[in-house]
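Here the sequence shown stands for residues 55 to 319, numbered as in this note's numbering. Even glycine gets a Cβ: it sits at the ideal position worked out from N, Cα and C. Remember, it's a predicted structure, so these values are computed and weren't measured experimentally. Take a look at the structure set out below.
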Amino acid sequence: MIPVADRPECATALGVTFELAQKHSLDVLGYHLRPHKLEKKSAAKQVDLASKAAEKLFERLAGKYGINVSRRYRYNPEVPQACWRALTGSPEKRFPSIGPMSDLIVVSRPKSSRSVLAREFQYAALMYTGTPVLTLPSRMPATLGQRVLIAWNQSIEAAKAVKAAMPLLRGADAVNIAVAGQEDQVGAKSSHLQQYLRHHGVNAKRIVSRGDDVNAEIRDAYDTSNSDLLVMGAYSRPRWRERVFGGLTDYIVNKTSLPTILLHS
55 MIPVADRPEC ATALGVTFEL AQKHSLDVLG YHLRPHKLEK KSAAKQVDLA
105 SKAAEKLFER LAGKYGINVS RRYRYNPEVP QACWRALTGS PEKRFPSIGP
155 MSDLIVVSRP KSSRSVLARE FQYAALMYTG TPVLTLPSRM PATLGQRVLI
205 AWNQSIEAAK AVKAAMPLLR GADAVNIAVA GQEDQVGAKS SHLQQYLRHH
255 GVNAKRIVSR GDDVNAEIRD AYDTSNSDLL VMGAYSRPRW RERVFGGLTD
305 YIVNKTSLPT ILLHS
């Protein structure tokens, strides 16, 4: 599932989404959310134009990748399909309904810290769906999922994120597990994760650091391993603690442009 607006960064996200659909025979659900209340007729006209522009962008990108667009889904496991929906409401109201019934949500990173609406979509996808969220940079990455880094902190969220990303992990050229600091929490250790991945045909190496600066060490592991995708749990600590004391999720979401699969359960 991907929320769609006629923006350059959204076009980038759509391109990645349709590439994944082709590679893995996936169906793509495109949603455009319209505001619920409009006070002026001129505003309603602008909303209509924005909705039509979003639909045209979706159809154009689907056509570029040879995927047909319809408004009615027909099951065909061998041919990727694209379905279009225009809905009314806010992300926090709509995503709890449509998000959990998706296997993956794709969102683009806001181009600016002042992009309030884009951040609402990103936050709603993470917090209200229980579905893995692929967050993409505003520019098309050269590769995606060829060299994957897993940020491991022994949390249930991280374990679920790994399971959700398994199709990509199986197809990756290299998978690394980044561990920052001592593994002294209750939960599976990185050695257990290695064994689990081995059962799925994935040979992963560990990158272990001291844990003095988790954010910097995870970023360094990503860069030194030449990764093109990060997989991690999101807000494995309460979000207010992330805000007050800092945390990896907020750092990755707000301070980097790394392609990332995140999952908050």
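Distance between residue j and residue i (C-alpha atoms, nearest Å)
| i | j | result |
| --- | --- | --- |
| Glu296 | Asp304 | Low local confidence applies: a pLDDT of 46 at Glu296 is under 50, so the model's placement there is unreliable, with the coordinate-based value given in what follows. In a straight line, the C-alpha of Glu296 is about 7 Å away from that of Asp304. |
| Ala65 | Tyr182 | 24 Å |
| Val240 | Ser209 | 8 Å |
| Gly301 | Asn308 | 11 Å |
| Pro131 | His254 | 23 Å |
| Ile315 | Ala97 | 35 Å |
| Met194 | Leu247 | 30 Å |
| Arg126 | Ala172 | 27 Å |
| Arg61 | Ser169 | 12 Å |
| Asp102 | Glu174 | 21 Å |
| Ala242 | Met286 | 14 Å |
| Asp274 | Asp227 | 20 Å |
Rounded Cβ spacing between residue i and residue j (contact assumed at less than 8 Å)
| i | j | result |
| --- | --- | --- |
| Glu73 | Tyr119 | 7 Å |
Close-in-space but distant-in-sequence residues of the same chain around residue i (CB under 6 Å, 5 per side omitted)
| i | result |
| --- | --- |
| Ala178 | Pro145, Glu146 and Phe149 |
| Val160 | Ile56, Ala67, Thr71 and Leu188 |
| Ser244 | Trp206, Ile231, Val233 and Arg260 |
| Leu83 | Met55 and Cys137 |
| Ser319 | Gly184, Glu211 and Lys214 |
| Leu222 | Gly199 |
Of the residues the options, the one placed nearest residue i, counting alpha carbons only
| i | options | result |
| --- | --- | --- |
| Ala218 | Leu317, Ser290 and Ala108 | Leu317 |
| Ala234 | Pro191, Val58, Ser156 and Gly265 | Gly265 |
| Gln236 | Val262, Ile152, Lys309 and Ser105 | Val262 |
| Glu271 | Ser169, Ile204, Asn257 and Lys165 | Ile204 |
| Met155 | Gly184, Ala258, Ser169 and Val268 | Gly184 |
| Gln76 | Gln135, Pro186, Ser151 and Ala258 | Gln135 |
| Ala258 | Leu312, Arg273 and Met220 | Met220 |
| Arg252 | Ser79, Val216 and Val123 | Val216 |
| Val123 | Asp81, Gly153 and Gln100 | Asp81 |
| Asn280 | Gln249, Pro313 and Ser290 | Pro313 |
| Pro186 | Leu284, Ala196, Asp274 and Asp277 | Leu284 |
Contact check, residue i vs residue j, beta carbons under 7 Å
| i | j | result |
| --- | --- | --- |
| Leu180 | Ala288 | yes |
| Asp282 | Gln176 | no |
| Ser105 | Ala140 | yes |
Beta-carbon proximity list for residue i, same chain, < 7 Å, skipping 5 on both sides
| i | result |
| --- | --- |
| Gly321 | Within the shown structure, residues of the chain are numbered from 55 to 319, placing residue 321 beyond reach of any answer. |
| Gly69 | Leu115 and Met194 |
Cβ-based neighbour list, residue i, same chain, cut-off 8 Å, excluding 5 preceding and 5 following
| i | result |
| --- | --- |
| Ile121 | Phe72, Ala75, Gln76, Val82, Pro134, Gln135 and Ala136 |
Residue i Cβ short of 6 Å to the ligand NAD heavy atom set
| i | result |
| --- | --- |
| Gly287 | Although the ligand NAD was asked about, the structure shown includes no ligands whatsoever. |
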